[in-house]
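Engineer:
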Amino acid sequence: MAIVKNDSVIEQEWITVDAEGDLPASDENLIVPLARFKEERDSLLGRNGGLGVQLNPGDAPEDLADDLDRLSIITVNFPAYTDGRGYSYGRVLRERMGFTGELRAVGDVLRDQILYMHRCGFDAYDLKVEGEVALNKVRAALKEMSVYYQPTGDGRVTAQSLRERRRAALQ
Amino acid sequence: MYRYDDFDRQLVHERTEQFREQVKRRLAGDITEEQFRPLRLMNGVYLQLHAYMLRVAVPYGTLRADQLRQLGMIARVYDKGYGHFTTRQNIQYNWPKLDEIPDALLDLAKVEMHAIQTSGNCIRNTTTDQYAGAAADEIEDPRPYCELIRQWSTFHPEFTYLPRKFKIAVTGSPNDRAAVKVHDIGLRMHQNDAGETGFEVMVGGGLGRTPFVGKTIREFIGKNDLFSYLEAILRVYNRFGRRDNKYKARIKILVHEEGIDKIRELVEEEWAQIKDGSLRVDDAEIAHYIEQFAPPAFEALSDDDADFERHKSENRRFANWVRSNVIEHKQPGYAIANVSLKPIGGIPGDATDTQMELVADLSEKYSFGDVRVTHEQNLVLPHVKKADLFAVWSELDKADLGTANLGYVTDIISCPGLDYCALATARSIPLSQRISERFGDLDRQHDIGELKIKISGCINACGHHHVGHIGILGLDKRGKEFYQITLGGDASQDASIGKIAGAGFSEAEVVDAIESLVTKYIDIRESGERFIDTYRRVGMDPFKEVLYGDR
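Line order of the protein sequences matches chains A and B.
Sequential numbering of the first sequence, starting at 44, is according to my numbering.
Sequential numbering of the second sequence, starting at 19, is according to my numbering.
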């Protein structure tokens, strides 16, 4: 198991709890599911450690609108790679709500989906393989394609804007 | 016609190489069939009953001569010498070998073609009117918008793992030849009160086991806003479409369960937030795409051609073909020539390598190198001079491509059925062949007039039986094939879903049953009525009676 972010393998510095589990010590970094965050919001915000929220399919990222600047990380769970709801959550969080913290894909995160996740605003990937292997998968996935038709918030230049630039240069 | 630029070419090339690596990993045993499955599906490779099947995209049903010629070459080199044109305006090859498919894809890429997104739960090939740019009744050529949709939907990072597949169809004519009302999104070009051309947007149409006619979500969306509006619909569907049951996952179920008003509210709310963003396409960019589909260099001709008229009066078979297969063109002196892939007793939609090459040659000589594929599984030479029609027909006729049956009872849509398909519950090709033979006589077909028979070999309805004037659904009852008949379906602007007539028929009975329906129609029709018109006037009962009597 390795988390890849910014072209390197990073340490797991977060403890993820489920809907009912006991909370760790107040100074530990904690990720809770959205439903629990909504229920226990005030006490969770009063802890000393970092706080993150996990979105599961069916959740509404809009529910975090008032608290985004209090969250260091949002994880989006892909329970199966075929469940693509998380891609929309990524774009809504980044492009509409302006979330700037870490956006981590967790669950069934596979090589062939990483580029799409990156295009939808994800910057960290929790893979089920070890260190170097995980890093190499992410690197390979991110450079497999070099032409992009859709404008998303990922900063990649689309084919359309390259065409426009070329036309402008030729005029 | 649209030509790839270096960006399009690069993208398809990278995809081809990516798939070659994936096939290599599969053949080396590095990945299992289970892991390989989604990768191959995204590249149009299915595993069928007997072999792999490769489905190649024909974007909006438009082919250049060199592309069709290459499709013929691929049929010869990688298959058994034929291909099958489908209801999605695509072509399928039934017998490719897995280790050769990357080479076939490379050969496709050489002529700017691919198999991207011809399967999988993503946005599929956009389909449109096969007469786009040629039809006399067209408001505007829809293909520039189809090409923009193709690019927007290709590898869309957010919409590649939708709840289920997603199909978009566009018509630029009020006479809908693209069945837009039975697609996930149907777009109909029209003018608003201000005189601007835009689109009526319909959602939630579809066939399969739960058929629906699409509902209007927006009366009018301007061209500049079309893409942000599509993105808003897709985002709502991706977020809220059902994923708990594969059979309830299409957008039609979401629209049905939530109601069109609720879906409209969600879509409008989403759209309001993105409509002024980077998906807004300006007039200059649209103009650039319109230019790429500019009309070919038509000659200024009189609409009457003496030789054409003479050939018609001298050659009855040619005259018959003109009567059924030739359609009015917007340019005087030109015509739209339909190439039937439904020879009497043949396999609907199949074409051999040499037939494809012949049509490619004819298109180069007589139709500005332009060929279309129809969702009714025929080909079209869209821009033929009337003066050349006789020469075109003569060549087609020699190659068994000159059948004069467009829109007639033998112009049957049929899925591949149990002869090929792993999902099928009954055979559909042999049945379509027997119906074709029964009604083969041309005078009789002409007398019967327009009658659309559509056959599916299972409930997934690839053969569009729900929208056949007469629909036939092949099922399996305790190991025996039987066929359920539906009446009154229609895929046009007057779309309707057919109703089940009653108990199914055995394979031995079904052709007689169809004939009794046709005979009844002939008996009771009023002047000028097509089968569907008579059905709408008299309803199910008279037809039920001939099928079942007192049964």
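Note that beta-carbon positions come from the ideal geometry of N, C-alpha and C, so glycine has one too.
Given the structure is predicted, the values throughout are model-derived calculations rather than measurements.
Tell me, to the nearest whole angstrom, how far the beta carbon of Tyr-255 of chain B is from that of Leu-272 of chain B; I am working on the premise that it is less than 8 Å.
Structural biologist: Counting from one through the second sequence, the residue named residue 255 of chain B turns up at place 237. Counting from one through the second sequence, the residue named residue 272 of chain B turns up at place 254. Between Leu-272 of chain B and Tyr-255 of chain B the Cβ distance is about 6 Å, and since that is below 8 Å, they are a contact.
Engineer: For Leu-81 of chain B, list the residues DSSP reports as bridge partners.
Structural biologist: Here residue 81 of chain B refers to the residue found at position 63 when the second sequence is read from its first residue. Looking at the DSSP assignment, Leu-81 of chain B forms a beta bridge with B:Val-389.
Engineer: Cβ of Met-140 of chain A less than 7 Å from any chain B Cβ?
Structural biologist: Working through the first sequence from its first residue, we reach residue 140 of chain A at position 97. Judged by the 7 Å Cβ criterion, Met-140 of chain A is not in contact with chain B.
Engineer: Kindly list, in the order they appear in chain B, the residues whose Cβ is closer than 8 Å to that of Val-190 of chain A.
Structural biologist: Numbered from 1 along the first sequence, position 147 holds the residue referred to as residue 190 of chain A. Those are Phe-25, Asp-26, Gln-28, Leu-29 and Glu-32, listed as they occur along chain B.
Engineer: Provide the residue span of the alpha helix (DSSP H) that contains Thr-105 of chain B, from first to last.
Structural biologist: Sequence index remark: in the second sequence, residue 105 of chain B carries index 87 (1-based). It is not in any alpha helix (DSSP H) - Thr-105 of chain B carries neither H nor E in the DSSP assignment.
Engineer: For a contact defined as C-beta to C-beta under 7 Å, what are the partners of Ala-202 of chain A on chain B?
Structural biologist: The count along the first sequence starts at 1 and reaches residue 202 of chain A at position 159. By Cβ distance, chain B contributes Phe-25.
Engineer: Identify whether Ser-474 of chain B lies in helix, strand or coil by the three-state DSSP scheme.
Structural biologist: Position 456 of the second sequence, counting from 1, holds the residue named residue 474 of chain B. DSSP places Ser-474 of chain B in strand when its eight states are reduced to three.
Engineer: Among B:Ile-109, B:Thr-145 and B:Phe-177, whose alpha-carbon lies nearest the alpha-carbon of Asp-194 of chain B?
Structural biologist: Along the second sequence, read from residue 1 onward, the residue named residue 194 of chain B stands at position 176. Per the Cα distances, B:Thr-145.
Engineer: Using the C-alpha atoms, what's the distance from Ser-189 of chain A back to Lys-42 of chain B?
Structural biologist: If you number the second sequence from 1, residue 42 of chain B lands on position 24. If you number the first sequence from 1, residue 189 of chain A lands on position 146. In a straight line, the C-alpha of Lys-42 of chain B is about 22 Å away from that of Ser-189 of chain A.
Engineer: Please state whether the Cβ-Cβ distance between Asp-169 of chain A and Ile-58 of chain A is less than 7 Å.
Structural biologist: Within the first sequence, numbered from 1, the residue matching residue 169 of chain A stands at position 126. Within the first sequence, numbered from 1, the residue matching residue 58 of chain A stands at position 15. No. Outside cutoff.
Engineer: Quick check on the burial criterion: 16 or more other C-beta atoms within 10 angstroms. Buried or exposed for Met-60 of chain B?
Structural biologist: Numbered from 1 along the second sequence, position 42 holds the residue referred to as residue 60 of chain B. It counts as buried.
Engineer: Closer than 8 Å, Cβ to Cβ, to anything on chain A: give me those residues from the region 65-82 of chain B, in chain order.
Structural biologist: So nothing in the stretch comes that close.
Engineer: Comparing the C-beta of Gln-193 of chain A with each C-beta of chain B, is any distance below 7 Å?
Structural biologist: The residue labelled residue 193 of chain A in the question sits at position 150 within the first sequence. Yes, because at least one Cβ of chain B sits closer than 7 Å to the Cβ of Gln-193 of chain A.
Engineer: Taking C-beta pairs closer than 8 Å, name the residues in chain A that Gln-135 of chain B reaches, listed in chain order.
Structural biologist: Here residue 135 of chain B corresponds to residue number 117 of the second sequence, with the count starting at 1. Those within 8 Å of Gln-135 of chain B in chain A number zero; the least Cβ separation is about 12 Å.
Engineer: For Val-149 of chain A, name the three-state secondary structure that DSSP assigns.
Structural biologist: Against the first sequence, residue 149 of chain A aligns to sequence position 106. Correct three-state label for Val-149 of chain A: strand.
Engineer: What does Asp-155 of chain A reach in chain B if we use C-beta pairs closer than 8 Å?
Structural biologist: Here residue 155 of chain A corresponds to residue number 112 of the first sequence, with the count starting at 1. Within chain B, the residues near Asp-155 of chain A are Pro-56 and Leu-57.
Engineer: What is the residue span of the alpha helix (DSSP H) that Asp-459 of chain B lies within?
Structural biologist: What you label residue 459 of chain B is simply residue 441 of the second sequence in a count that begins at 1. No alpha helix (DSSP H) contains Asp-459 of chain B, which DSSP labels as neither H nor E.
Engineer: For Asp-300 of chain B, name the three-state secondary structure that DSSP assigns.
Structural biologist: Numbered from 1 along the second sequence, position 282 holds the residue referred to as residue 300 of chain B. Looking at Asp-300 of chain B - three-state DSSP - the assignment turns out to be coil, as it is neither helix nor strand.
Engineer: How would you label Ala-479 of chain B, buried or exposed, when you count the other beta carbons within 10 angstroms and need 16 or more for buried?
Structural biologist: Mapped onto the second sequence, residue 479 of chain B falls at position 461. Buried.
Engineer: For the beta strand (DSSP E) containing Asn-356 of chain B, list its first residue and its last residue.
Structural biologist: As a position in the second sequence, residue 356 of chain B is number 338, starting the count at 1. Where Asn-356 of chain B is concerned, the enclosing beta strand (DSSP E) stretches over 352-357.
Engineer: Report the residue ranges of all beta strand (DSSP E) runs contained in full by the region 204-266 of chain B; include only those spanning at least 3 residues, in chain order.
Structural biologist: Correct list: 215-221 and 233-240.
Engineer: The beta strand (DSSP E) with Met-71 of chain B in it runs from where to where?
Structural biologist: Translated into the one-based positions of the second sequence, residue 71 of chain B becomes position 53. Run containing Met-71 of chain B: 70-74, per the beta strand (DSSP E) assignment.
Engineer: Can you tell me whether Asp-388 of chain B is buried or exposed, with buried defined as 16 or more other CB within 10 angstroms of its CB?
Structural biologist: On the second sequence, position 370 is the one that residue 388 of chain B refers to. Buried, since its Cβ has 16 or more Cβ neighbours within 10 Å.
Engineer: Buried or exposed: Lys-241 of chain B, going by 16 or more other Cβ atoms within 10 Å of its Cβ?
Structural biologist: Taking the second sequence and counting its residues from 1, the one referred to as residue 241 of chain B is at position 223. It counts as buried.
Engineer: Just mark Tyr-163 of chain B as buried or exposed, buried being the case when its beta carbon has 16 or more other beta carbons within 10 Å.
Structural biologist: Counting from 1 along the second sequence, the entry for residue 163 of chain B is found at position 145. The residue in question, Tyr-163 of chain B, is buried, as its Cβ has 16 or more Cβ neighbours within 10 Å.
Engineer: Starting from Ile-484 of chain B, find everything on chain A with Cβ-Cβ shorter than 9 Å and list it in chain order.
Structural biologist: Residue 484 of chain B sits at position 466 when you count from the first residue of the second sequence. Checking the displayed sequence, the identity of residue 484 of chain B turns out to be His instead of Ile. Within chain A, no residue comes near His-484 of chain B; the closest Cβ sits about 27 Å away, beyond 9 Å.
Engineer: With a cut-off of 7 Å, does the C-beta of Gln-36 of chain B fall near any C-beta of chain A?
Structural biologist: Position 18 of the second sequence holds residue 36 of chain B. Yes, Gln-36 of chain B counts as interfacial toward chain A.
Engineer: Using a Cβ-Cβ distance cut-off of 7 Å, determine whether Arg-134 of chain A contacts chain B.
Structural biologist: In the first sequence, the residue the question calls residue 134 of chain A occupies position 91. Yes, Arg-134 of chain A counts as interfacial toward chain B.
Engineer: Determine the chain B residues that contact Leu-205 of chain A at a beta-carbon separation under 8 Å, and present them in chain order.
Structural biologist: Here residue 205 of chain A refers to the residue found at position 162 when the first sequence is read from its first residue. Going along chain B in sequence order, the residues near Leu-205 of chain A (Cβ under 8 Å) are Phe-25.
Engineer: Within 10 angstroms of the Cβ of Ala-177 of chain A, are there 16 or more other Cβ atoms? Answer buried if so, exposed if not.
Structural biologist: Your numbering for residue 177 of chain A matches position 134 in the first sequence. Buried, by the Cβ-count rule.
Engineer: With distance defined between alpha-carbon atoms, name the residue in B:His-208, B:Tyr-149 and B:Glu-32 nearest to Phe-311 of chain B.
Structural biologist: Here residue 311 of chain B refers to the residue found at position 293 of the second sequence. Cα-wise, what sits closest to Phe-311 of chain B is B:Tyr-149.
Engineer: May I have the straight-line CA-CA distance separating Ala-62 of chain A from Ala-78 of chain A, to the nearest angstrom?
Structural biologist: In the first sequence, residue 62 of chain A corresponds to position 19, counting from 1. In the first sequence, residue 78 of chain A corresponds to position 35, counting from 1. Those two C-alpha atoms are separated by around 7 Å.
Engineer: Which residue comes first and which comes last in the beta strand (DSSP E) that contains Tyr-168 of chain A?
Structural biologist: Looking up residue 168 of chain A in the first sequence gives position 125. Note, Tyr-168 of chain A: beta strand (DSSP E), 167-170.
Engineer: Identify which residue in B:Ala-513, B:Ser-534 and B:Ser-514 has its Cα closest to the Cα of Phe-523 of chain B.
Structural biologist: Translated into the one-based positions of the second sequence, residue 523 of chain B becomes position 505. Out of B:Ala-513, B:Ser-534 and B:Ser-514, B:Ser-534 has the C-alpha closest to the C-alpha of Phe-523 of chain B.
Engineer: Compare the beta carbon distance of Gly-367 of chain B and Phe-103 of chain B with 7 Å and say whether it is the shorter of the two.
Structural biologist: The residue you call residue 367 of chain B lines up with position 349 of the second sequence. The residue you call residue 103 of chain B lines up with position 85 of the second sequence. Contact flag set, yes.
Engineer: Is Gly-196 of chain A close to chain B? Criterion is C-beta to C-beta, closer than 7 Å.
Structural biologist: By 1-based counting over the first sequence, the position of residue 196 of chain A is 153. No, because no Cβ of chain B sits closer than 7 Å to the Cβ of Gly-196 of chain A.
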